[in-house]
Amino acid sequence: MTAPLLEVEDLQIELITHAGVVRAVDGVSFSVGRGETVTLIGESGSGKSTTAMGVLRLLPEGLAVLSGSVRFEGVDVVADPAAVVPLRGRVAALIPQDPMTALSPVHTIGAQLGDALRLRHGKLSRAELRRRGVALLEQVHIRQPETRWDAYPHQLSGGMLQRVLIATALAAEPALLVADEPTSALDVTVQADILDLLLDLQERTGIGILMITHDLGVARLVSDRIHVMRAGRFVESGEVEQIIDSPSDPYTRELLAAVPRLGALEVTS
Ligand SMILES: Nc1ncnc2c1ncn2[C@@H]1O[C@H](COP(=O)(O)OP(=O)(O)O)[C@@H](O)[C@H]1O
Ligand SMILES: [Mg+2]
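Using my numbering, the first residue of the sequence shown is number 38, and each one after it goes up by one.
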């Protein structure tokens, strides 16, 4: 049997802040397999981003203390933090939360996507770089990709920028995408398009997705499994239908009650 893409066991993360030590993640366990979408849902401050950043070892060394295990295709990056470096991008890539600030304003889309391609493929001729980059922009359904290649971020809408960031993540051909609230900064209609795109990519490539969201509408649309997070712990875990249709934890019921968009997404799709 092959190891799951990502297997997290009893992960604990303590953040050392000027106000003291915060245990932001308090013993969570989950796994993501090929072609699966697993969602961490919870309100702001519940520890979702800390979990995602901890898993990718993107928290500041020395200010974040991890215990437990995080295995990418069997390689434990808690036991050996340096082991994550060659895995980042190639095995797991991050789609950040805010597309408006994630790209450099002074470089073209092509330059930034080109950097991501070079990281993965080494030296490529400019023509080859552009050919592959434009193909990636097409893959994330950006119209006129040739023109967009030469554009600057401020010339693109938020939804389009998020597509560029997804393309940038895909440049490394990762097996797992970690998406931290990838649509929270976008309008509801654009949000649905981006989620459709992710599901479409998953269908075509079998990529695994670790989705982070505070929105049960999003979680219901994309997830195979859901973990409901509160104060650093999972209060409830299960298949999507089970969590949405018959939540057993009062906190999950509160989340369900608080999400008017749950119905709205269904009507617009
Ligand atoms: N840089 C930081 N300094 C102090 N506390 C932090 C920092 N980052 C996160 N925290 C704390 O860790 C907890 C989890 O935060 P976070 O993972 O960002 O939650 P979420 O992504 O679910 O909104 C919160 O209590 C938050 O206040
Ligand atoms: Mg967050």
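For glycine and all other residues, C-beta sits at the position ideal for the given N, C-alpha and C.
Three-way DSSP call (helix, strand, coil) for residue i in this model
i, result
"residue 273", "strand"
"residue 92", "helix"
"residue 290", "helix"
"residue 310", "Because the chain in this structure spans residues 38 to 306, residue 310 falls outside the shown range and cannot be described."
"residue 64", "strand"
"residue 130", "strand"
"residue 177", "coil"
"residue 113", "strand"
"residue 81", "coil"
"residue 57", "strand"
"residue 162", "coil"
"residue 103", "strand"
Host beta strand (DSSP E) of residue i (start-end)
i, result
"residue 49", "43-54"
"residue 245", "245-250"
"residue 147", "From DSSP, residue 147 is part of no beta strand (DSSP E) but of the alpha helix (DSSP H) over 146-158."
"residue 265", "262-267"
Endpoints, the alpha helix (DSSP H) within which residue i is located
i, result
"residue 121", "121-124"
"residue 227", "225-242"
"residue 70", "Element bounds for residue 70: n/a, residue is neither H nor E."
"residue 253", "253-259"
"residue 182", "182-186"
"residue 139", "136-139"
Through-space distance from residue j to residue i, alpha-carbon basis
i, j, result
"residue 299", "residue 255", "The predicted position of residue 299 is uncertain, since its pLDDT is 42 and thus under 50; a value taken from the coordinates is nonetheless stated next. Near 8 Å, if we compare the C-alpha coordinates of residue 255 and residue 299."
"residue 235", "residue 138", "21 Å"
"residue 48", "residue 66", "7 Å"
"residue 229", "residue 223", "9 Å"
"residue 190", "residue 109", "32 Å"
"residue 116", "residue 41", "18 Å"
"residue 198", "residue 186", "12 Å"
"residue 87", "residue 217", "10 Å"
"residue 284", "residue 293", "9 Å"
"residue 83", "residue 268", "5 Å"
"residue 219", "residue 134", "5 Å"
"residue 273", "residue 76", "12 Å"
"residue 289", "residue 105", "26 Å"
"residue 215", "residue 144", "24 Å"
"residue 169", "residue 257", "33 Å"
"residue 212", "residue 72", "9 Å"
"residue 81", "residue 221", "12 Å"
"residue 242", "residue 58", "41 Å"
"residue 287", "residue 64", "20 Å"
"residue 244", "residue 282", "27 Å"
"residue 70", "residue 276", "14 Å"
"residue 271", "residue 264", "6 Å"
"residue 123", "residue 74", "23 Å"
"residue 126", "residue 291", "36 Å"
"residue 149", "residue 205", "8 Å"
"residue 231", "residue 249", "14 Å"
Residue of the options minimising C-alpha distance to residue i
i, options, result
"residue 280", "227, 78, 72", "78"
"residue 56", "284, 146, 100, 229", "100"
"residue 176", "191, 69, 240, 42", "240"
"residue 97", "295, 52, 136", "52"
"residue 45", "68, 111, 59", "68"
"residue 196", "210, 208, 174", "174"
"residue 92", "161, 61, 43", "43"
"residue 118", "132, 103, 163", "103"
"residue 203", "107, 61, 129", "129"
"residue 131", "208, 142, 112, 166", "208"
"residue 171", "238, 160, 157, 146", "146"
Q: Jot down the residue ranges of each uninterrupted alpha helix (DSSP H) in the segment 195-220, minimum 4 residues, whole runs only, in chain order.
A: Counting only runs of 4 or more, we get 195-207.
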